[in-house]
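Colleague: Let me give you the structure first, and then I'll get to my questions.
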Amino acid sequence: MKLKFLGAAKTVTGSNFYLSGKSTNMMVDYGMFQGKPEEVGMNSVKPEIEFVNLSAVLITHAHLDHCGRLPMLVNYGFKGPIFMTEATKALMDLVLTDSAKLAREEEAKAVLYTDDEVVEVLKQIKTVEYDKPFMVGEFKVTFLDAGHILGSSSILIEENATGKTIVFSGDLGNTPEPLLLPTEMVKKADMAIMESTYGDEFHGRREEIEDLKKIIQKAEREKGVVLIPSFSIERAQELLFIFDQLKKEGDMAQETPVFLDSPMAIKATQVFRDYPELYSKRLQLQVKSDDPFDFPGLMVCDSIEKSKQIKNYDGTKVIVAGSGMMSGGRVIHHAINYLGDSRTQLVIVGYQAEGTLGREILDGNKRINIWGNSIDIKAEVLEIKTMSAHADQGQLLDWLKKIGGLKEVALVHGEDLARLVLGEKIHLELPDVKVILPIVNQEIEI
Ligand SMILES: [Zn+2]
5 MKLKFLGAAK
15 TVTGSNFYLS
25 GKSTNMMVDY
35 GMFQGKPEEV
45 GMNSVKPEIE
55 FVNLSAVLIT
65 HAHLDHCGRL
75 PMLVNYGFKG
85 PIFMTEATKA
95 LMDLVLTDSA
105 KLAREEEAKA
115 VLYTDDEVVE
125 VLKQIKTVEY
135 DKPFMVGEFK
145 VTFLDAGHIL
155 GSSSILIEEN
165 ATGKTIVFSG
175 DLGNTPEPLL
185 LPTEMVKKAD
195 MAIMESTYGD
205 EFHGRREEIE
215 DLKKIIQKAE
225 REKGVVLIPS
235 FSIERAQELL
245 FIFDQLKKEG
255 DMAQETPVFL
265 DSPMAIKATQ
275 VFRDYPELYS
285 KRLQLQVKSD
295 DPFDFPGLMV
305 CDSIEKSKQI
315 KNYDGTKVIV
325 AGSGMMSGGR
335 VIHHAINYLG
345 DSRTQLVIVG
355 YQAEGTLGRE
365 ILDGNKRINI
375 WGNSIDIKAE
385 VLEIKTMSAH
395 ADQGQLLDWL
405 KKIGGLKEVA
415 LVHGEDLARL
425 VLGEKIHLEL
435 PDVKVILPIV
445 NQEIEI
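Take the position in the sequence shown, starting the count at 1, then add 4; the result is the number in the working numbering.
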């Protein structure tokens, strides 16, 4: 087996790997590069592989940095199957359609594909179930629940003739978490390709409900705005789930409005409702008698008009809006309206990549420029790290230690510092496992 790292190697985004055997070639993930301009430019570069010889594509999950370039395969002449779970397909449909629309609307973004190509590529999808192995040429492929977002997978691939096994972690979840089943561990593999987004961090004890309770109660006292830039998938549903709980417990006023101002998040919440079998045990119980994503005061802003009306509501309000890293979307208008007000609390609940507005604010920049508006940030900037959908250093090490017979690990999907720190830690705790930090276009023999 040969493995080529085509993306997410020395960068966090653009997940893309090429695995070739005797007669079968597969690609794992075909994600978009996001963040820094030099990385974004890599999106339009065709990988140096023979697409006509590609047997299949396997997709770990519906985040854009793992599946965002898929429609480009139509143009490259790939006609084979694209394997993923059913929930990933449902979410990916939303994600790709939205990404094609955003690229059309925002001049700064390169148009990588059309709506028609999105429709075409969806036709090539074959859905798979967790823990049910299937063959692609000489490879036996098994999808495991990664516990990261709904439908997310780690992918285990075994070469039939040699029994050599490689596992792609995909993104690993911050497990156990309230909405999803725990991350499934891998019993045995020779090599692991592991994400390292938070390889240098610990999230700490999960206290996000308590944290949000304090934030909301402060806003209620001061009649302030709580602005939460949120990813549409998982984070938004988790926030709704928490507000539902706070209101039930009487920790948040029934009349305090929560505006869900993200068309994508509204649609993704519907997809969540369609797959209760993927919920955590506790949530499976709760949905029997209650909708965990609905509560008094929830205002769903499914049109621009409703979004604009938010500013007419005086007093305390909570606004959950996309995009999650403030790199566009409706959150930008709210940032312009409210970040200059000292009563506003800006709550960061997800990963902020280098080069994004969210990261700039989180790094302490007090004067920012949004669409030509210079804004002095007077809002309080808070971060709730425990709400991350990613495993932290401890959880990554735990996942790795449980793999029997592991000889080698390649750390991907992390910025340099995170990979170095995690690599050192693995050296110490698993001295027999060889660690590699691949760069783009590096090829290794397995
Ligand atoms: Zn992800």
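The beta carbon of each residue, even a glycine, is placed where N, CA and C say it ideally should be.
Decide yes or no for the touch test of the region 41 to 59 against the region 69 to 82: beta carbon pairs closer than 8 Å, at least 3 of them.
Modeller: Enough Cβ pairs lie closer than 8 Å, so yes.
Colleague: So M231 and I323 are supposed to be a Cβ contact under 8 Å. How far apart are they, rounded?
Modeller: Looking up residue 231 in the sequence shown gives position 227. Looking up residue 323 in the sequence shown gives position 319. Residue 231 is actually Leu in this sequence, not Met. Right, the Cβ-Cβ distance comes to about 5 Å (below 8 Å), so this counts as a contact.
Colleague: State the DSSP-derived secondary structure class of E453, mapped to helix, strand or coil.
Modeller: This structure leaves residue 453 out entirely; the chain is present only between 5 and 450.
Colleague: Rounded to whole angstroms, what's the CA-CA distance from Q249 to K218? Just pull it up for me.
Modeller: Here residue 249 refers to the residue found at position 245 when the sequence shown is read from its first residue. Here residue 218 refers to the residue found at position 214 when the sequence shown is read from its first residue. Taking the straight line joining both Cα atoms gives about 14 Å.
Colleague: Pull up the CB-CB distance for G45 and H70, whole angstroms please, since I reckon it's below 8 Å.
Modeller: Translated into the one-based positions of the sequence shown, residue 45 becomes position 41. Translated into the one-based positions of the sequence shown, residue 70 becomes position 66. Rounded, the Cβ-Cβ distance is 19 Å, inconsistent with contact.
Colleague: Using the C-alpha atoms, what's the distance from P186 back to S284?
Modeller: On the sequence shown, residue 284 is found 280 positions in, with the first residue counted as 1. On the sequence shown, residue 186 is found 182 positions in, with the first residue counted as 1. If I take the Cα positions, the gap works out to 7 Å.
Colleague: Which residues in the same chain as V229 place their Cβ atom closer than 6 Å to its Cβ, once the five residues preceding and following it in sequence are excluded?
Modeller: Position 225 of the sequence shown, counted from the first residue, corresponds to residue 229. If we look at V229 and ignore the five residues flanking it on each side, its Cβ neighbours are K321, Y342 and T348.
Colleague: Which residue or residues does DSSP assign as beta-bridge partners of M139?
Modeller: The residue labelled residue 139 in the question sits at position 135 within the sequence shown. In the DSSP output, where bridge partners are listed per residue, M139 has K144.
Colleague: Answer with buried or exposed for I308, where buried requires no fewer than 16 other C-beta atoms within 10 angstroms of its C-beta.
Modeller: As a first step, residue 308 is located in the sequence shown; it is residue number 304 there, counting from the start. Exposed is the call here.
Colleague: Out of R363, E242, P75 and N29, state which residue places its alpha-carbon closest to the alpha-carbon of K50.
Modeller: Numbered from its first residue, the sequence shown carries residue 50 at position 46. Closest by alpha carbon: P75.
Colleague: In the structure shown, what three-state DSSP assignment does I381 receive?
Modeller: As a working mapping, residue 381 is identified with position 377 in the sequence shown. Coil at I381, not helix or strand.
Colleague: For D102, verify whether its CB is less than 6 Å away from any heavy atom of ligand 1.
Modeller: Working through the sequence shown from its first residue, we reach residue 102 at position 98. Flag unset: Cβ of D102 not near ligand 1.
Colleague: Using only the heavy atoms of ligand 1, determine whether one of them is closer than 6 Å to the beta carbon of H67.
Modeller: The sequence position of residue 67 within the sequence shown is 63, counting from 1. Flag set: Cβ of H67 near ligand 1.
Colleague: Can you check the region 255 to 312 for any beta strand (DSSP E) of at least 3 residues that lies completely inside it and give the ranges in chain order?
Modeller: Those beta strand (DSSP E) runs which fall completely within the region 255 to 312 and span 3+ residues are 262 to 265 and 302 to 304.
Colleague: Within a Cβ cutoff of 6 Å, which residues of the same chain sit near E121, ignoring the five residues on either side of it in sequence?
Modeller: Taking the first residue of the sequence shown as 1, we reach residue 121 at position 117. Contacts found: P75 and V78.
Colleague: Tell whether a beta-carbon distance below 7 Å holds between I374 and K14.
Modeller: The count along the sequence shown starts at 1 and reaches residue 374 at position 370. The count along the sequence shown starts at 1 and reaches residue 14 at position 10. No, the Cβ-Cβ distance between I374 and K14 is not below 7 Å.
Colleague: For the pair the region 145 to 158 and the region 182 to 197, tell me if three or more CB-CB distances fall below 8 Å.
Modeller: These segments touch.
Colleague: Would you say the beta carbon of D396 comes nearer than 6 Å to a heavy atom of ligand 1?
Modeller: Counted from its first residue, the sequence shown places residue 396 at position 392. D396 Cβ: outside cutoff for every heavy atom of ligand 1.
Colleague: What residues are listed by DSSP as bridge partners for G11?
Modeller: Working through the sequence shown from its first residue, we reach residue 11 at position 7. N20.
Colleague: Residue ranges of each alpha helix (DSSP H) run of no fewer than 4 residues wholly in the region 64 to 92, ordered along the chain?
Modeller: As far as the region 64 to 92 is concerned, its whole alpha helix (DSSP H) runs of at least 4 residues are 68 to 71 and 76 to 79.
Colleague: Is V96 helix, strand or coil by DSSP?
Modeller: Numbered from 1 along the sequence shown, position 92 holds the residue referred to as residue 96. Contrary to the premise, residue 96 reads as Met rather than Val in this sequence. In this structure, M96 counts as helix in the three-state DSSP scheme.
Colleague: Does the beta-carbon of D175, which I'm using as the reference point, lie nearer than 6 Å to any heavy atom of ligand 1?
Modeller: If you number the sequence shown from 1, residue 175 lands on position 171. Yes, ligand 1 has a heavy atom inside 6 Å of this Cβ.
Colleague: Measure the C-alpha to C-alpha separation of E226 and I213 and round it to an integer number of angstroms.
Modeller: The residue labelled residue 226 in the question sits at position 222 within the sequence shown. The residue labelled residue 213 in the question sits at position 209 within the sequence shown. If you take the alpha carbons of E226 and I213, they lie about 20 Å apart.
Colleague: Given this structure, state the Cα-to-Cα distance separating V425 from S200, to the nearest angstrom.
Modeller: In the sequence shown, counting from the first residue as 1, residue 425 sits at position 421. In the sequence shown, counting from the first residue as 1, residue 200 sits at position 196. In a straight line, the C-alpha of V425 is about 10 Å away from that of S200.
Colleague: Which one of S48, Q38 and M31 has the shortest CA to CA distance from L62?
Modeller: Locating residue 62 in the sequence shown gives position 58, counting from the first residue. For the residues S48, Q38 and M31, the minimum Cα distance to L62 belongs to M31.
Colleague: So the beta strand (DSSP E) N373 belongs to, where does it begin and stop?
Modeller: Numbered from 1 along the sequence shown, position 369 holds the residue referred to as residue 373. Counting along the chain, the beta strand (DSSP E) containing N373 begins and ends at R371 to I374.
Colleague: Got a sec, what are the start and stop residues for the beta strand (DSSP E) A196 sits in?
Modeller: Within the sequence shown, the letter at position 192 stands for residue 196. Element bounds for A196: M195 to E199.
Colleague: Closer than 6 Å by C-beta to V291: which residues in its own chain qualify, once you throw out the five before and the five after it? Chain order, please.
Modeller: The residue given as residue 291 occupies position 287 in the sequence shown. Excluding residues within five positions, the ones whose Cβ falls inside 6 Å are P280.
Colleague: What does the alpha-carbon distance come out to for the pair V353 and I53?
Modeller: Taking the first residue of the sequence shown as 1, we reach residue 353 at position 349. Taking the first residue of the sequence shown as 1, we reach residue 53 at position 49. Looking at the two C-alpha atoms, the distance is approximately 38 Å.
Colleague: Beta-carbon within less than 6 Å of S266's beta-carbon, same chain only, minus the 5 sequence neighbours each way: which residues are those?
Modeller: Mapped onto the sequence shown, residue 266 falls at position 262. Within the same chain, S266 has close Cβ partners S236, A325 and G326.
Colleague: Would you kindly check if the distance between the Cβ of F297 and the Cβ of T273 is under 7 Å?
Modeller: As a first step, residue 273 must be located in the sequence shown, where it is residue number 269. As a first step, residue 297 must be located in the sequence shown, where it is residue number 293. Yes, they are a contact pair.
Colleague: Please identify the residue among V140, L243, N178 and R277 whose C-alpha is closest to the C-alpha of G208.
Modeller: Walking along the sequence shown from the start, residue 208 turns up at place 204. Of the listed residues, the one whose Cα sits closest to G208 is N178.
Colleague: Could you spell out the range, first to last residue, of the alpha helix (DSSP H) harbouring L250?
Modeller: Along the sequence shown, one-based indexing puts residue 250 at 246. Where L250 is concerned, the enclosing alpha helix (DSSP H) stretches over R239 to K252.
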